[in-house]
Amino acid sequence: MLWKLKLWRRSVRNPWSSKVRQAVRRHFARLALLGGATVVLLQFVLSPVSALFPTNARYLTGLLIATPALIASLVEAQ
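In this text, residue positions in the sequence shown follow this note's numbering: the first is 952, and each later residue adds one.
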């Protein structure tokens, strides 16, 4: 049906430049990383297992991935 209507050939002109699109993608990726890190940290803090077995912190290694995103967003804010 789309081939008959030739909707696949229509293109909407994008008002953003490539640098703006790249910056928006970067900010959303950082937001996703920080949101995931927040969920992991909240689950660890609210879990009763973390209080009973503090050596079970291996699940927090995922926070190491989000740390550069946090630092980069703080440095850019200055």
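The C-beta atom is built at its ideal place from N, Cα and C for all residues, glycine as well. On a predicted model such as this, the values are computed, not experimentally measured, just so you know.
Can you look up residue i in the DSSP assignment and give me helix, strand or coil?
i     : result
F995  : helix
P966  : coil
F979  : helix
P1019 : helix
T1006 : coil
Taking CB distances under 7 Å as the criterion, tell me whether residue i reaches chain C.
i    : result
R976 : Chain labels in this structure do not include chain C; a single protein chain is all it has.
Relative to the alpha-carbon of residue i, which residue among the options has its alpha-carbon at the smallest distance?
i     : options                    : result
G987  : S1024, E1027, T1018, V1026 : T1018
V1015 : S969, L992, R972           : The residue you asked about is not Val; residue 1015 is Leu in the sequence shown. It is L992.
R981  : E1027, S998, A1020, V1026  : A1020
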